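In case it helps, my numbering puts the sequence shown at residues 121 to 276.
Heads up, the beta-carbon is just placed ideally off N, CA and C, and yes, glycines get one too.
None of the values given here were measured: they were computed from a predicted structure.
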Amino acid sequence: MRRDKRFQPHTPDSYRAPARVQGGTGCQECGAVYENGRWTWNASAEHTAQLVCPACRRIREHAPGGELWLESGAYLVAHHQEVVSLLQHESADEQRLHALERLMSIEDQPEGIRVTTTGPHTLRRLSEALVRAHHGHLSIEYRDGEGVLRARWSRK
């Protein structure tokens, strides 16, 4: 196979380690453990080394992997607490399954609500749950070379 035809990652993620992390390594901030090729919460190995996991690095550096904008409107104003509770519940479920997929923040702003996540999978899960529960219009875009999945949700 020609080298220029090989599959290349969509965008390089600077928060992922370039080399495989040693098994049994734990995050000194959140307690996640790298074991059997992935970060997990419930690991049996003793921590042999400590480092900061990619999700904690993103949170510390305020560098989201996903950004969801909920556009302000009459519906969002009337159902604000329900929407925020749904987002928090869904992100907690995703975090239990995948240690690196976390909700970073939910910020109320004049033009709506800004939700940031450490990865694109949490953003997709939050967006899809929002559409299932509250309907509305969702648009998702991933710009080449940017490394951040962006979504917009609105309902009048």
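Less than 8 Å separating the beta-carbons of residue i and residue j?
| i | j | result |
| --- | --- | --- |
| proline 184 | threonine 145 | no |
| serine 274 | glutamate 191 | yes |
| glutamate 202 | arginine 245 | no |
| isoleucine 179 | methionine 224 | yes |
| arginine 158 | tryptophan 189 | no |
Short of 8 Å in beta carbon distance, which residues of its chain neighbour residue i, apart from the five on each side in sequence? Order them along the chain.
| i | result |
| --- | --- |
| cysteine 150 | Cys173, Ala175, Cys176, Ala219 |
| glutamine 170 | Thr145, Gly146, Cys147, Gln148 |
| arginine 263 | Arg270 |
Within a Cβ cutoff of 7 Å, which residues of the same chain sit near residue i, ignoring the five residues on either side of it in sequence?
| i | result |
| --- | --- |
| glycine 239 | Gly185, Gly186, Leu220, Glu221 |
| glycine 232 | Trp189, Leu190, Glu191, Ser192, Leu196 |
Of all the options the options, which has the alpha carbon lying nearest to the alpha carbon of residue i?
| i | options | result |
| --- | --- | --- |
| tryptophan 161 | Glu214, Tyr262, Gly193 | Glu214 |
| alanine 253 | Leu217, Leu206, His182 | Leu206 |
| histidine 257 | Gln208, Ala271, Gln170 | Ala271 |
| leucine 217 | Leu269, Ala152, Val141 | Ala152 |
| glycine 193 | Glu181, His241, Asp228, Tyr262 | Asp228 |
| histidine 199 | His255, His241, His182, Tyr262 | His255 |
| histidine 241 | Gln208, Val141, Leu269, Tyr135 | Leu269 |
| alanine 212 | Tyr135, Arg140, Leu243 | Leu243 |
Using DSSP's beta-bridge definition, name the partner residues of residue i.
| i | result |
| --- | --- |
| glycine 186 | Thr237, Leu269 |
| arginine 158 | Glu155 |
| serine 225 | Thr236 |
| isoleucine 260 | Ala271 |
| glutamate 191 | Gly232 |
| alanine 169 | Thr145 |
What residues in its chain sit with their C-beta under 6 Å from that of residue i, if we drop five residues either side in the sequence?
| i | result |
| --- | --- |
| glycine 143 | Glu155 |
| tyrosine 195 | Arg275 |
| leucine 250 | Trp273 |
For residue i and residue j, which I take to be in contact (beta-carbon distance under 8 Å), what is that distance rounded to the nearest angstrom?
| i | j | result |
| --- | --- | --- |
| valine 197 | isoleucine 226 | So it is not a contact: roughly 15 Å between Cβ atoms. |
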